[in-house]
Every structure is written in structure tokens, then in C-alpha cells.
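What follows is one structure encoded as C-alpha cells, with my remarks underneath.
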Amino acid sequence: MRILLVEDHAPLARALQLGLRQQGYTVDVAATLEDARYALSISSYDIVVLDLRLPDGHGFALCRWLRARDERLPILILTALDRPEDIIEGLDAGADDYVVKPVELPVLAARIRALLRRAAPNPQPVLEWRGLRLDPASRQAWLNGEPLHLTTRQFALLEYLMRHPGRVISAEELLEHIWGAEADPFTNTIRVHIHLLRRKLGDDPKHPRFIQTLPGAGYRFAPPEEESHA
Amino acid sequence: MPEPRRWWNSLRLRLTVGVSVLIAVLGLGMLVYIANVPYWAVTLHSPQPQTQVFIAPGGTSVSPPPANEPAAGIVVPGVSLREQANFWRYGLLGVAVMVAVGALAAYILVGYLLRSLESLRRTVSALSPDALPLRLPTFGREQEVQELTAAYNRFLRKVHHLLDAQRRFAADAAHELRSPLSTLRMQFGVLRHPESLTPAERQQTLSDMEAVLDGMVQTVESLLLLAQEPTPATWQDVRLADLVRTVLADVRPLAQSKGVALEADLAPEVVVRGEPRWLAVVVRNLLENAVRYNSAGGQVHVRLTAQGGQAVLRVSDTGWGIPEEEQPFIFQRFFRGEQARRVEGNGLGLALVEALVRHHGGRVSVQSTVGKGSVFTVTLPLQAAGV
Numbered sequence: 001m002r003i004l005l006v007e008d009h010a011p012l013a014r015a016l017q018l019g020l021r022q023q024g025y026t027v028d029v030a031a032t033l034e035d036a037r038y039a040l041s042i043s044s045y046d047i048v049v050l051d052l053r054l055p056d057g058h059g060f061a062l063c064r065w066l067r068a069r070d071e072r073l074p075i076l077i078l079t080a081l082d083r084p085e086d087i088i089e090g091l092d093a094g095a096d097d098y099v100v101k102p103v104e105l106p107v108l109a110a111r112i113r114a115l116l117r118r119a120a121p122n123p124q125p126v127l128e129w130r131g132l133r134l135d136p137a138s139r140q141a142w143l144n145g146e147p148l149h150l151t152t153r154q155f156a157l158l159e160y161l162m163r164h165p166g167r168v169i170s171a172e173e174l175l176e177h178i179w180g181a182e183a184d185p186f187t188n189t190i191r192v193h194i195h196l197l198r199r200k201l202g203d204d205p206k207h208p209r210f211i212q213t214l215p216g217a218g219y220r221f222a223p224p225e226e227e228s229h230a
Numbered sequence: 001m002p003e004p005r006r007w008w009n010s011l012r013l014r015l016t017v018g019v020s021v022l023i024a025v026l027g028l029g030m031l032v033y034i035a036n037v038p039y040w041a042v043t044l045h046s047p048q049p050q051t052q053v054f055i056a057p058g059g060t061s062v063s064p065p066p067a068n069e070p071a072a073g074i075v076v077p078g079v080s081l082r083e084q085a086n087f088w089r090y091g092l093l094g095v096a097v098m099v100a101v102g103a104l105a106a107y108i109l110v111g112y113l114l115r116s117l118e119s120l121r122r123t124v125s126a127l128s129p130d131a132l133p134l135r136l137p138t139f140g141r142e143q144e145v146q147e148l149t150a151a152y153n154r155f156l157r158k159v160h161h162l163l164d165a166q167r168r169f170a171a172d173a174a175h176e177l178r179s180p181l182s183t184l185r186m187q188f189g190v191l192r193h194p195e196s197l198t199p200a201e202r203q204q205t206l207s208d209m210e211a212v213l214d215g216m217v218q219t220v221e222s223l224l225l226l227a228q229e230p231t232p233a234t235w236q237d238v239r240l241a242d243l244v245r246t247v248l249a250d251v252r253p254l255a256q257s258k259g260v261a262l263e264a265d266l267a268p269e270v271v272v273r274g275e276p277r278w279l280a281v282v283v284r285n286l287l288e289n290a291v292r293y294n295s296a297g298g299q300v301h302v303r304l305t306a307q308g309g310q311a312v313l314r315v316s317d318t319g320w321g322i323p324e325e326e327q328p329f330i331f332q333r334f335f336r337g338e339q340a341r342r343v344e345g346n347g348l349g350l351a352l353v354e355a356l357v358r359h360h361g362g363r364v365s366v367q368s369t370v371g372k373g374s375v376f377t378v379t380l381p382l383q384a385a386g387v
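See the structure below:
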């Protein structure tokens, strides 16, 4: 899952970026509203974490700009402004959550998980399908009750796929949301990771139980019954 | 050392005893006087009074002495020794009664007069530090008690002032340290999983933590300075030119890294009375601000002069300037202007300057134009020009 963190206080921004990355997220940092608008116009994000007092304006402006542009992208305001009027205005400006600083990273991560869950087609806290069980909160996975050992990237990849069951997801989309700005579009990163993931899941690409490859289109989690049993 | 609490130290008892002694002395004196009246009367009038009638104590009318007896000597003429003994017996009894009645009256009266003092005592001893009143009510009409109450009220004001400063320090410290502490905790948490970080990220996190810690130390030091009361006892004569030069040397590296030119024009013999450490904080904060809120190629000029019994320190810069609507607030604690937020800071620098200058009996003012720069002027009472 890819986060855009709009925060001008550099030490805090770096700490949040690294802390959230350790939780399996890909985090881009924008220090100004202008940077944030630019990042949002060239890449797609799963959630925006937004500070309010920024050097070139108020975070509410970005909130309204985003809502005028994209209906669904979750916005979490993270600010030191704790007056009720600010909270009301922030939520009314289109934010989905309002967190007052200082915040503990686990709390922030849980709120981000909740927002991502609500925004996804599958809003279950624990994702389950055909004996595959994924708990994003504890970052654990099981297959038929047996623990699965997945890397951070593999876990993020699987979570993204399971959040959007039945939808065809392009390799570019996966690259953008899981790898973010670190992604190198001219590699076969996705193919390699999907291959490793399938091996761990014991999935046969010819008769996929979990991840189906649609050549030239992308990947699909939870392929329709008739195809999987074909 | 205070006197131990003893019953004989009671003001009421002492006043009662005092009044009793006074009545006894006056009564006895009166008796002696009356006992001698016949003698004085005889000797002061004609040497051979023939028809004088004396009223001896006890109301006995006595006949004048025979004319051939000389009206002199210690024995009171016309009063027998027995009558004199009676006079003293009844006289002393009368004085004793007067003393007793007087003592009782004095005890009751003094107690009545002291009751406002007693209620003041009760009120003061019931005071608790958690709920100190701003002032005490009025107790009685007695001037002395009112003066005592007024003295208590002056003391209460000072206590309130001090308590406010302490509470403000605690609240400010808690509020201002929460954010950096939370950041620090996050950075610490990140470092707990070093395997997920590149060496550069680890290094960056460590230096970030150091910067956050430095900021916290500075915030605490500033708040402590703000919470302090002036202590002129430790003040000394400070030659401002030397002090400004020392601070300039400290600020120069920052100015060079920002590409800001520092210039000084210091009158050498300007001396003020004060705490050199605090005055250095004033100069440093003004200079650092002038450099920080400035652009590359900008200038900062420090000028020190003596004018009309005042030392005048003027720090002018070609920096960003302060919008007119922000100017009234810049000396408030934790105020940070829209532009100022682009630079790291705790919002205490100018509050500290204002408080320290005020403690030294001086004033600080600002003139600023956005885009042109600011001029901060500090005036301090001159100790002596040309030492």
C-alpha cells in the first residue's frame, strides 16, 4: 500500500516514513502543498496522511482539491491543531480521519489500516479465501492453518491482491502501489515476486487457485470458480 | 529563633496585666496623695489656721488642732494614728477592687479589639496553596489590622506571580516537549529494526534524533530562563561592545552557511548593569533571528550607541520582514509567524528577549516591512558612559 505523507517537519517526516515502511507501506514524503499536488498528479496513492500547517498553505486546501478530483482516496489528517473547530472543518473538508499529534506510530498505523480497509472492495480486518488467511494488523499469514513466511513485499503484494478480489490488476498498478517511487518500471520485479509468492502458496499458474495471470492485462486474485476448476 | 508558644506571651494577657499594674500604681499613688493632702493643706495656708475643718478618710470630720501646737512634722494634723491605719486599710482594699474590675474589663475589651486579628489569623491559617485567594477580605476597622491584611495581600500577589510562573513553566514544558518526545520515540522505534534500514538511513535517523534532543534541551533552557525571577544581586557592569563581539563570533558560522553578511558598529564605552549570560542570550537570539529569517546575500547590521542615558542596541536585517498583523504577537511565547514556520524554532526566542530586557529595566521594539527587513531596537539603562 502506498502512502503520501505531507509533512514539513523533516525529522518527523523521516521517522514516520521509515516507521511506516517497517510496517510494510511504501511512503513518499511531500514537504509542501505544491509537492503533494505534483506527487498526486503523477502517481496514484492508497492514502494521504496530511499535516495542516504547511509552509505554502493550509492542508484543508489540499483536502478540498483532492475531493474535487478523486472521490475515494482516503485522507488522514495528522496535525497538532486540536481545537474542535479545526477537527470539524477538517472532516467537513473531506478528510476521513483526524489524528492529533503527538501520535504513537502503532496507533497511526492502525488508523491507516482501518481507512485502507474501508476504502478497499474487501473491508475485512482479516482477509480469508480458500484456506489462505492474512492478518494485516499482526502481519501474519496462514495457509490451511500452517503459518506462511512472507517477506514484507510479498505480504504487501498479497494483501493488495486480496483487498481487490476478482479485479484484474495491472503490473504497473502493483508496482506503483507496492514499490512506489523505488520501483524500476523496466524490470520484471512483479513477475519475479508473483512467481515466488505462488511457490509459497503452492499455486499452479496453469490451474490457479489464488492468483491468475491474464497475459497482457495483469493479475487477478480469486479467479471465478469455473476458470479455477477448468 | 521564634519565641516558644507560652501562655504568658499572649498579647491579651499582657495587656490585661499591664492595665492592672497601671491601675494599681495609679490607685496607690492616689492613696499616697490623698493621705498627704491634710498636711499640704495646713502648711500651704496660714501658719495658724483656727477654724479649718478636714475631712479625713472615712468621712470623719475632725476638729482643728489646738492653736498652740505647731502645725508641722510628719504626723498629719488632726488625724489620729488609728484613723490613718483605717484610711490605708480601706484605701488599699479599694485599689484592689479597682485593679480586679479593671483587669476584667481590660481582658474583655482587649479580647473584643483583637477579634479581627483572630479572624485574620484563622483565615490565614486556613489558606491552602491549591486555592490561594487573590486577596484577603477586610477584617475590622482597626488600622493596624488593615495594614497587616494589606501586607498579607502584597505577599499573596507575589506568591501568585511566582506560582503562575511555575505553573506556566510546567504546562509549557509538558506541552512543548510532547511533540519532540513522540518524534524521538518514533525514531527510536525505527532504530529497533536496524535490519530494515540502509546505513545512510540509520545515520540520518541518529542525526535527526540528535537534532530533536538539541531542540528539547534548548526549549527547556529557554523555559527555565523565562520562569526565573530577576536577581539583581548577581549583576555586574557589562561592557556591551565586548559582549556583542563574543556573540557575533558565535553566530558567524551560521551566517556564513546561510550566505548572510554580518556587520557591526559598536561604541566601545557603553556599560550597562546586568547579568552577562542573559544579555548574551538577548543579543544571540536577535542576531540568530536576523540571520535565520534572511535570504542568501542578505545583510545583518548591529549598531551599539549611547543616547540620553540609555544604551541602544539596534539589529537591522535585510530579511523577510514581519507582516504588520503579526508584529503585536511576535514577543509572545510560542508565537510563530506564517513565514517563520519555514525555519526550525520553538517560538520562545523573542519572548525570552522581551522578558530578559524587561528584567534589566529596558525595552525592546520592532519596525519591520515585509520583503525589506526588520529592525529590532533594545534600550537598556546606562550604568556609566566612559568607564
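Here the protein sequences come in this chain order: X and U.
Heads up: the first sequence at position 92 corresponds to 92 in this note's numbering, and the numbers run straight through without jumps.
Heads up: the second sequence at position 241 corresponds to 241 in this note's numbering, and the numbers run straight through without jumps.
We put the CB at the ideal spot given by N, CA and C, even for glycine.
DSSP-derived helix/strand/coil call for residue i
i      : result
U/Q146 : helix
U/F188 : helix
U/F139 : coil
U/Q203 : helix
X/P223 : coil
X/Q23  : coil
X/P84  : helix
U/R154 : helix
U/R168 : helix
X/R72  : coil
U/A85  : helix
U/R336 : coil
U/S119 : helix
U/F331 : coil
Alpha-carbon to alpha-carbon, residue j and residue i
i      : j      : result
X/R133 : X/Q22  : 21 Å
X/I75  : X/E89  : 14 Å
X/H229 : X/R209 : Confidence at X/H229 is low in this model, with a pLDDT of 44, below 50, so the placement of that residue should be treated as unreliable; the coordinate-derived value is given next. Between X/H229 and X/R209, the C-alpha separation is close to 8 Å.
X/L116 : X/L52  : 21 Å
X/L12  : U/A126 : 50 Å
X/G94  : U/S182 : 27 Å
U/V251 : U/E288 : 7 Å
U/E142 : U/T123 : 17 Å
U/T149 : U/K372 : 55 Å
X/L40  : U/V364 : 46 Å
U/A249 : U/S295 : 20 Å
U/L11  : U/L136 : 23 Å
U/T138 : U/L240 : 49 Å
U/L92  : U/Q84  : 12 Å
U/G383 : U/E269 : Here the sequence assigns Gln to residue 383 of chain U, which means Gly is not the residue at that position. One C-alpha to the other measures close to 11 Å.
X/E85  : U/H193 : 39 Å
CB contact flag (residue i, residue j, <8 Å)
i      : j      : result
X/Y45  : X/L91  : no
U/T205 : X/L20  : no
U/Q236 : U/V260 : no
U/I322 : U/V366 : yes
U/A351 : U/Q339 : no
X/P147 : X/Q140 : yes
U/A103 : U/T16  : yes
X/L78  : X/D8   : no
U/V388 : U/A165 : Given that chain U is displayed from residue 1 to residue 387, the structure contains no residue 388 of chain U and the question cannot be resolved.
Beta-bridge pairing of residue i - partner residues as DSSP gives them
i      : result
U/V370 : DSSP lists no partner for U/V370.
U/H301 : U/E263 and U/S316
X/W129 : X/L132
X/E146 : X/L143
X/Y98  : X/I77
X/P121 : None, per the DSSP bridge assignment.
U/P381 : U/Q310
X/G59  : In the DSSP output, where bridge partners are listed per residue, X/G59 has none listed.
X/T213 : X/Y219
Contact set between residue i and chain X, taken where Cβ atoms lie within less than 9 Å
i      : result
U/F208 : Here residue 208 of chain U turns out to be Asp, not Phe, going by the sequence shown. Those are A10, P11, L12, R14 and A15, listed as they occur along chain X.
U/S196 : L18, R21, Q22 and T152
Partners in chain U for residue i, counting only beta-carbon separations shorter than 7 Å
i      : result
X/G19  : M186, G189 and V190
X/L105 : M186 and G189
Contacts of residue i in chain U (Cβ-Cβ under 8 Å)
i      : result
X/P102 : R178, S179, L181, S182 and T183
X/A80  : S179
Per-residue contacts from residue i into chain X (C-beta, under 8 Å)
i      : result
U/T205 : R14, A15 and L18
U/V212 : P11
U/H193 : Q22
Contact set between residue i and chain X, taken where Cβ atoms lie within less than 7 Å
i      : result
U/E201 : L18
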